[in-house]
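Colleague:
Residue numbers (full-length UniProt numbering): 1 to 162.
1) Going by CA-CA distance only, name the one from 149, 155, 108 that's closest to residue 120.
2) Exposed or buried, residue 147, counting other C-beta atoms within 10 Å across all chains shown (16 or more means buried)?
3) Starting from residue 65, trace the beta strand (DSSP E) in both directions and tell me its first and last residue.
4) To which residues of the same chain is residue 55 closer than 8 Å at the C-beta, ignoring the five residues directly before and after it?
5) To the nearest whole angstrom, what separates the beta carbons of residue 58 and residue 142, a pair I think is in contact under 8 Å?
6) So, is the C-beta of residue 49 closer than 8 Å to a C-beta in chain C?
7) For a quick check, are the C-beta atoms of residue 186 and residue 45 less than 8 Å apart?
8) Report the rounded CA-to-CA distance for residue 133 versus residue 140, giving the unit in angstroms.
9) Short check: CB of residue 115 to CB of residue 41, under 8 Å?
10) For residue 7, does the three-state DSSP call read helix, strand or coil?
11) Classify residue 49 as helix, strand or coil using the three-state DSSP reduction.
12) At what residues does the alpha helix (DSSP H) containing residue 119 begin and finish?
13) Quick one: Cα of residue 136 to Cα of residue 18, how far?
14) Could you tell me if residue 110 is buried or exposed, where buried requires 16 or more neighbouring beta carbons within 10 angstroms of its beta carbon?
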């Protein structure tokens with residue numbers, strides 16, 4: 001099962017089912033049926049507004065987003081589907097924060113559900129730095145189907161490599 005690197009930490013049963021779907025050529029059909037559309041968030045400006053809407057709905061207390069962009073430099077092989085950065089610095093008597101999110105440009109061609117899952121994941125890191133129980137609870141608060149979307153997005157990554 002080692003060739004299924006994106007789902008290597010999932011149960012053997014899930015890995016076996018995924019491997020069978022791939023070998024039978026059914027993975028694309030499954031994903032196309034479940035996620036038939038591609039999102040329309042194609043520019044960095046549109047992505048900034050999209051992320052900011054979600055942030056303002058669920059996480060108003062974190063500082064404003066300084067930048068949000070797609071990047072072709074993020075490589076899925078390094079397990080970076082998106083990244084977040086937070087910088088704080090003192091300017092006079094004020095503490096300024098710089099929050100940014102970068103999403104792998106591969107997600108420009110993804111279903112809208114996968115883009116939302118990546119954005120929710122990166123936003124959750126502004127409150128919870130580690131992938132712990134509180135982190136995943138926050139992800140599920142912002143996107144109730146978070147765990148299923150994460151699995152399907154990982155299956156989509158395998159399908160994209162074929």
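Positions of the beta carbon are idealized from the N, C-alpha and C atoms, including for glycine.
Modeller: In short, the structure shows the following:
1) Here the question's residue 120 lines up with position 120 in the chain shown. It is 149.
2) What you label residue 147 is simply residue 147 of the chain shown in a count that begins at 1. The C-beta of residue 147 has fewer than 16 other C-beta atoms within 10 Å across all chains shown, which makes the residue exposed.
3) Residue numbering aside, residue 65 sits at position 65 when the chain shown is read from its first letter. 65-71 is the span of the beta strand (DSSP E), which, as asked, contains residue 65.
4) Locating residue 55 in the chain shown gives position 55, counting from the first residue. So the qualifying residues of the chain are 62, 65, 123.
5) As a first step, residue 58 must be located in the chain shown, where it is residue number 58. As a first step, residue 142 must be located in the chain shown, where it is residue number 142. Confirmed, Cβ separation roughly 5 Å.
6) Of the protein chains in the structure, only one exists, and it is not chain C.
7) It is not possible to answer for residue 186, since the shown part of the chain is limited to 1 through 162.
8) Sequence index remark: in the chain shown, residue 133 carries index 133 (1-based). Sequence index remark: in the chain shown, residue 140 carries index 140 (1-based). So the two alpha carbons sit approximately 11 Å from each other.
9) On the chain shown, position 115 is the one that residue 115 refers to. On the chain shown, position 41 is the one that residue 41 refers to. In terms of Cβ geometry, residue 115 and residue 41 form a close pair [threshold 8 Å].
10) Translated into the one-based positions of the chain shown, residue 7 becomes position 7. Secondary structure of residue 7 (DSSP, three-state): helix.
11) Looking up residue 49 in the chain shown gives position 49. In the structure shown, residue 49 sits in a helix (DSSP, three-state: H, G or I).
12) Here residue 119 refers to the residue found at position 119 when the chain shown is read from its first residue. Looking at the DSSP string, the run of the alpha helix (DSSP H) that includes residue 119 is 112-124.
13) Taking the chain shown and counting its residues from 1, one reaches residue 136 at position 136. Taking the chain shown and counting its residues from 1, one reaches residue 18 at position 18. Whole-angstrom Cα-Cα distance: 23 Å.
14) As a working note, residue 110 is residue 110 in the chain shown. When all chains shown are included, residue 110 counts as buried.
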